[in-house]
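Take a look at the structure below.
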Amino acid sequence: MNIGPAIFAWLKRLTGREQFESDMQDELQFHIAARADELAQGGLPPAVALRQARVEFGAQERYKEEGRELSPYRHLDNLRADLRYAGRGLRRDPGFTILAVLIVAAMLTANTVLFAFLDAFFLRRLPIAGAERHFELTVLNQQGRSERQWPLADVETLISSRGGVLEMAYAFSARRVIIGGREPKRSYVEVVSANYFQLVRPPLAAGRTPARGATGAPAPEILLSYTGYKRLLGSATNPVGHTLIVDGVSLTVAGVLREGAGGLEPVTPDFWMLAGTADANASASPPRYSIGGILREGISSEQAAAALAPAVLDLYKNGSPDERYRAAIELRPTYLRERRELQPLALGLLLLFGLVTLIASANLTSLHLARATARRRDLTIRVALGASRARLAGHLVAESMLIAGIAAFAAWGLSVASLQALHGLVFRMVSDAGMSMQPIHADARIFVAVLLLAGLLGVGCGLGPALHSTRGALEGALRRDGLWLAGRVSAGRLRGALVVLQVALSLPLLVCAGILVRSAANANQADTGFDLDRIVDLRADPPADRLLARLRALPGVASVSTAASTPLTGPLPHYPSRVAGSAGRLGFNRVDERFFETLGMAVRQGRGFHAEEAWQHAPVAVISEATARQLFPTASATGQTIEFEVGREGEYQPYLIVGVVPDVMSGFFFQGRDTTSVYTPGNLERENQKEVLVRLDRGTGEDLDQLRHACADVGVFCEPMTLRKVLGQQRIPFLVGSQVASSLGLLALVLACLGLHGLARFAVVQRTREFGVRMALGASPGHILRNVLGESLRRSGVGLAVGLPLSLTLSLLLATQVPFLESFHAITYLAVPLILLACALLASLLPAIRAAAIDPVSAIRED
Amino acid sequence: MTTPSQAQILPGTLDLLILRAVSLGPQHGYGVLLRLQQITGGAITLEQGALYPALWRLERQRLLESKWGISENNRRAKFYAITKAGRVRLEKERAAWDRLVSAMQLALGAKAAAR
Numbered sequence: 030m031n032i033g034p035a036i037f038a039w040l041k042r043l044t045g046r047e048q049f050e051s052d053m054q055d056e057l058q059f060h061i062a063a064r065a066d067e068l069a070q071g072g073l074p075p076a077v078a079l080r081q082a083r084v085e086f087g088a089q090e091r092y093k094e095e096g097r098e099l100s101p102y103r104h105l106d107n108l109r110a111d112l113r114y115a116g117r118g119l120r121r122d123p124g125f126t127i128l129a130v131l132i133v134a135a136m137l138t139a140n141t142v143l144f145a146f147l148d149a150f151f152l153r154r155l156p157i158a159g160a161e162r163h164f165e166l167t168v169l170n171q172q173g174r175s176e177r178q179w180p181l182a183d184v185e186t187l188i189s190s191r192g193g194v195l196e197m198a199y200a201f202s203a204r205r206v207i208i209g210g211r212e213p214k215r216s217y218v219e220v221v222s223a224n225y226f227q228l229v230r231p232p233l234a235a236g237r238t239p240a241r242g243a244t245g246a247p248a249p250e251i252l253l254s255y256t257g258y259k260r261l262l263g264s265a266t267n268p269v270g271h272t273l274i275v276d277g278v279s280l281t282v283a284g285v286l287r288e289g290a291g292g293l294e295p296v297t298p299d300f301w302m303l304a305g306t307a308d309a310n311a312s313a314s315p316p317r318y319s320i321g322g323i324l325r326e327g328i329s330s331e332q333a334a335a336a337l338a339p340a341v342l343d344l345y346k347n348g349s350p351d352e353r354y355r356a357a358i359e360l361r362p363t364y365l366r367e368r369r370e371l372q373p374l375a376l377g378l379l380l381l382f383g384l385v386t387l388i389a390s391a392n393l394t395s396l397h398l399a400r401a402t403a404r405r406r407d408l409t410i411r412v413a414l415g416a417s418r419a420r421l422a423g424h425l426v427a428e429s430m431l432i433a434g435i436a437a438f439a440a441w442g443l444s445v446a447s448l449q450a451l452h453g454l455v456f457r458m459v460s461d462a463g464m465s466m467q468p469i470h471a472d473a474r475i476f477v478a479v480l481l482l483a484g485l486l487g488v489g490c491g492l493g494p495a496l497h498s499t500r501g502a503l504e505g506a507l508r509r510d511g512l513w514l515a516g517r518v519s520a521g522r523l524r525g526a527l528v529v530l531q532v533a534l535s536l537p538l539l540v541c542a543g544i545l546v547r548s549a550a551n552a553n554q555a556d557t558g559f560d561l562d563r564i565v566d567l568r569a570d571p572p573a574d575r576l577l578a579r580l581r582a583l584p585g586v587a588s589v590s591t592a593a594s595t596p597l598t599g600p601l602p603h604y605p606s607r608v609a610g611s612a613g614r615l616g617f618n619r620v621d622e623r624f625f626e627t628l629g630m631a632v633r634q635g636r637g638f639h640a641e642e643a644w645q646h647a648p649v650a651v652i653s654e655a656t657a658r659q660l661f662p663t664a665s666a667t668g669q670t671i672e673f674e675v676g677r678e679g680e681y682q683p684y685l686i687v688g689v690v691p692d693v694m695s696g697f698f699f700q701g702r703d704t705t706s707v708y709t710p711g712n713l714e715r716e717n718q719k720e721v722l723v724r725l726d727r728g729t730g731e732d733l734d735q736l737r738h739a740c741a742d743v744g745v746f747c748e749p750m751t752l753r754k755v756l757g758q759q760r761i762p763f764l765v766g767s768q769v770a771s772s773l774g775l776l777a778l779v780l781a782c783l784g785l786h787g788l789a790r791f792a793v794v795q796r797t798r799e800f801g802v803r804m805a806l807g808a809s810p811g812h813i814l815r816n817v818l819g820e821s822l823r824r825s826g827v828g829l830a831v832g833l834p835l836s837l838t839l840s841l842l843l844a845t846q847v848p849f850l851e852s853f854h855a856i857t858y859l860a861v862p863l864i865l866l867a868c869a870l871l872a873s874l875l876p877a878i879r880a881a882a883i884d885p886v887s888a889i890r891e892d
Numbered sequence: 020m021t022t023p024s025q026a027q028i029l030p031g032t033l034d035l036l037i038l039r040a041v042s043l044g045p046q047h048g049y050g051v052l053l054r055l056q057q058i059t060g061g062a063i064t065l066e067q068g069a070l071y072p073a074l075w076r077l078e079r080q081r082l083l084e085s086k087w088g089i090s091e092n093n094r095r096a097k098f099y100a101i102t103k104a105g106r107v108r109l110e111k112e113r114a115a116w117d118r119l120v121s122a123m124q125l126a127l128g129a130k131a132a133a134r
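Order-wise, the sequence lines are chains A and B.
With our numbering, you'll find the first sequence wraps up at 892, consecutive numbering, no jumps.
With our numbering, you'll find the second sequence wraps up at 134, consecutive numbering, no jumps.
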């Protein structure tokens with residue numbers, strides 16, 4: 030069944046259009062019948078009388094047509110006629126149709142995906158009543174240092190002091206736990222107070238939410254998310270009632286959430302449990318909780334902060350008397366509204382997508398222009414037959430609307446597929462860690478937005494060319510190189526401007542994509558100072574001396590060491606220090622005597638640590654070369670003293686520097702090697718020295734398995750990971766960024782090629798007569814070919830000249846937002862313009878060949 | 020073909036004639052045509068079908084209103100009646116027409132005298 034006529038039949042029924050037609054028919058038939066009766070009474074045979082009556086009546090169809098013009102349905106009729114006309118036109122020119130639909134669909138898809146993404150995290154309200162009053166508590170000191178987590182007892186005190194300003198407040202903490210069993214797993218969970226569930230009211234697939242027991246103590250229960258159920262108890266048909274060993278505590282599954290449901294965070298955990306349930310055995314030192322809740326209606330965040338101030342001051346009364354603490358209430362009505370650090374990312378994405386939209390619009394306009402110009406003769410004939418300018422413009426706009434409509438449906442399918450792919454990509458990254466992402470989906474609202482955007486684009490990009498070409502047509506001008514904008518801009522200039530715009534906009538997009546891709550690739554070659562494949566971060570939970578002994582006995586293990594911070598997991602903590610009276614802050618790590626050996630850091634000056642220094646936590650230090658250069662530029666570092674503020678404020682302890690080691694990379698790959706690092710000796714007994722590093726003779730998968738088994742043998746949960754893998758995890762966000770950027774860049778390149786091709790077609794159509802004359806005057810086809818290609822290259826060159834400063838500005842801007850980005854990358858700046866020029870050349874090749882094949886006689890005669 | 024005794028309708032006067040015909044009582048399209056021939060003594064002709072776009076236009080301007088009924092031959096027919104606005108318009112047009120006719124007569128008469 031053909032869908033177009035079916036829709037019109039439905040519309041007709043809906044609007045009473047059918048009744049109107051049949052009434053008109055009945056009225057005219059009555060007239061003819063009445064006249065035939067009269068003629069028959071006068072003696073004519075009935076058949077002859079009827080024929081005579083018809084003749085006297087005149088052309089029924091013409092009068093009906095006049096009637097329709099008067100009817101309220103004439104707009105529908107015009108639209109139908111316009112769409113039919115447009116449909117026929119598009120079928121006749123499949124090249125144009127496919128190009129235009131592709132451009133619009135690509136642009137719409139990019140925008141839909143972006144909008145769905147922004148909607149999921151920044152626009153969609155949290156699924157709770159009073160989401161606009163949802164807040165999180167922060168305590169700030171005078172220096173702007175903020176604290177968002179406190180021990181449970183403090184949280185309870187703060188919550189109970191809420192006075193009349195808070196409708197409710199809950200305690201919340203995200204934590205990694207270990208699920209015991211034959212194959213222990215790490216799991217990401219959220220620990221909340223019992224009233225959290227009264228606020229969130231999560232949709233349950235089975236069971237109920239965890240509750241407090243009869244004594245008021247939290248019941249040993251958990252609430253599984255759907256992904257948590259699949260990951261932890263996937264084999265059970267009904268997980269309710271099953272038990273899980275969480276950090277050594279046996280907890281019962283009280284309920285399971287429906288698929289896709291989650292809490293108030295963008296990431297959904299494996300499960301929720303009540304605060305205090307398994308705190309005693311928690312791997313991290315005493316669990317800390319943040320405070321969220323709902324403000325009472327009519328209470329501002331300032332009022333709430335003021336009301337909480339006394340409780341906050343009370344909490345910090347033992348702190349330094351110099352520090353003034355104050356409460357701050359940050360509203361967070363959406364999943365990610367107040368995360369300021371994410372806003373540059375969102376803004377950057379918006380900017381990039383805006384550029385893609387602009388490029389697509391410029392392309393579409395040039396395509397329409399090319400087409401309208403090619404059809405000027407046809408339009409002129411229609412004007413001669415009596416069509417009004419509005420009617421002609423209507424035809425052309427209907428054509429662009431039809432394209433936009435087809436593209437909108439195509440874009441919808443593409444968007445759903447891309448969102449699934451994107452979600453799958455992100456999901457894979459976090460699912461290993463026991464998390465799942467809030468679903469990102471394109472719903473009816475977004476589809477309506479896409480349709481509207483498509484409509485706007487259709488009218489916006491179709492109207493200009495329509496007015497342009499109908500103006501020419503009305504003037505009766507068959508001149509090819511007509512004037513635009515009431516004679517102020519010639520079509521040639523317009524064409525040139527479009528090419529320049531096209532290239533100038535594509536360049537920054539491609540350059541940024543290039544820089545992002547390049548920077549992500551850089552991470553692979555990051556100069557860490559370690560043998561990435563042979564050093565393993567054991568991630569043992571909990572580490573123990575018996576584990577170290579077991580590991581050292583393993584064949585294939587060269588060395589085992591403990592440290593406070595492992596490499597590549599984040600910058601070293603910086604502590605206040607004093608050297609020869611001058612104060613500063615230096616990176617600080619506590620390591621055992623085998624650390625330098627394990628990491629392969631050859632001591633450059635002096636010595637490393639002795640075993641007894643590690644046991645006794647001796648006041649000696651080894652510093653990095655960079656630190657030595659910075660602190661003792663002229664003298665030798667060994668033998669000097671460095672003071673660190675340890676424990677209480679203002680209390681400095683001196684350390685004697687005994688050695689200097691090479692610089693390594695502790696933090697993120699884009700930060701490079703550490704600028705300062707001071708190592709002091711310690712061992713596992715130290716509260717904060719819980720990381721275990723292993724150096725293998727070879728770095729194979731079997732070795733890692735062997736390490737895992739050795740851990741299990743001594744009852745410790747381990748997740749051994751080579752430093753290369755740790756580095757790989759650091760790269761994930763940049764890989765995603767570079768994937769998005771390269772898809773956008775590719776899109777921009779395809780759009781630019783399509784647009785330049787459209788413009789070249791347009792140019793050839795417009796200049797057909799000129800080429801005819803030139804060839805009649807002796808120009809060779811080769812000359813015409815060079816002329817067309819030359820024009821395209823010249824204009825692209827101007828576009829590059831305009832786009833280059835734009836690109837530099839944009840990449841510098843991007844580099845200020847993303848720390849590790851190179852703002853200038855010579856190869857990108859060289860390659861991208863060349864690619865664009867090649868693209869311009871390629872795009873105009875076919876039209877140029879067509880121009881060279883023009884028959885001069887018919888080209889001139891056409892005028 | 021128009022015989023010398025018959026006249027084509029002047030442009031713009033069909034609406035006035037129809038309003039006048041319908042003002043004598045509700046009538047269907049064919050009836051309006053017969054009444055026109057009758058009141059003009061058959062002096063004015065027009066293609067019969069041309070009556071209808073004019074009727075529909077007047078209806079759209081709310082100078083006429085219509086409803087379906089049964090004709091004298093027992094056929095279903097659409098009957099037009101003049102509205103209040105239609106009567107007002109008819110009077111206005113008639114006055115304007117009278118002024119035009121007397122002006123024309125005056126002008127044509129004066130021309131004859133000058134000769």
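The C-beta atom is built at its ideal place from N, Cα and C for all residues, glycine as well.
Expected contact under 8 angstroms - CB spacing of residue i and residue j to nearest Å
i	j	result
Y49 (chain B)	R64 (chain A)	6 angstroms
Interface flag, residue i vs chain B, CB-CB below 7 angstroms
i	result
D510 (chain A)	For D510 (chain A), the predicted structure reports a pLDDT of 42, less than 50, and the residue's modelled location is therefore unreliable. A value from the coordinates is still provided. So, not an interface residue.
H452 (chain A)	no
L68 (chain A)	no
A78 (chain A)	no
L143 (chain A)	no
A808 (chain A)	no
Boundaries of the beta strand (DSSP E) in which residue i is found, first to last residue
i	result
V341 (chain A)	No beta strand (DSSP E) holds V341 (chain A); the alpha helix (DSSP H) holding it covers 330-344.
S588 (chain A)	586-592
G284 (chain A)	278-286
Under 7 angstroms by beta carbon: chain B residues contacting residue i
i	result
D884 (chain A)	Within 7 angstroms Cβ-Cβ: nothing; D884 (chain A) doesn't reach chain B, min ~49 angstroms.
G832 (chain A)	Here the premise fails: no neighbours, minimum Cβ distance about 57 angstroms.
Partner residues on chain A for residue i, Cβ-Cβ distance less than 7 angstroms
i	result
E84 (chain B)	Chain A residues near E84 (chain B): none, gap ~14 angstroms exceeds 7 angstroms.
N93 (chain B)	The premise fails here: N93 (chain B) is roughly 11 angstroms from chain A at the closest Cβ pair, so nothing lies under 7 angstroms.
P45 (chain B)	Ordered by position in chain A, no residue passes the 7 angstroms Cβ test against P45 (chain B), which lies about 15 angstroms from the chain.
G48 (chain B)	E56, H60
First through last residue of the alpha helix (DSSP H) which encompasses residue i
i	result
A643 (chain A)	640-645
P862 (chain A)	855-881
M136 (chain A)	123-147
D703 (chain A)	Here D703 (chain A) belongs to no alpha helix (DSSP H), and DSSP marks it neither H nor E.
V77 (chain A)	75-86
K93 (chain A)	89-99
F800 (chain A)	797-805
Beta carbon proximity, residue i to chain A, threshold 7 angstroms
i	result
A96 (chain B)	yes
R54 (chain B)	no
Y99 (chain B)	no
Contact list for residue i against chain B, beta-carbon separation under 8 angstroms
i	result
Q89 (chain A)	G68
Residue ranges of each alpha helix (DSSP H) within the segment 46-80 of chain B, 4 or longer: 48-58, 70-79
What are the complete beta strand (DSSP E) segments, minimum 3 residues, inside the segment 664-688 of chain A? 670-674
Minimum length 3: unbroken beta strand (DSSP E) runs contained in the segment 178-208 of chain A: 195-208
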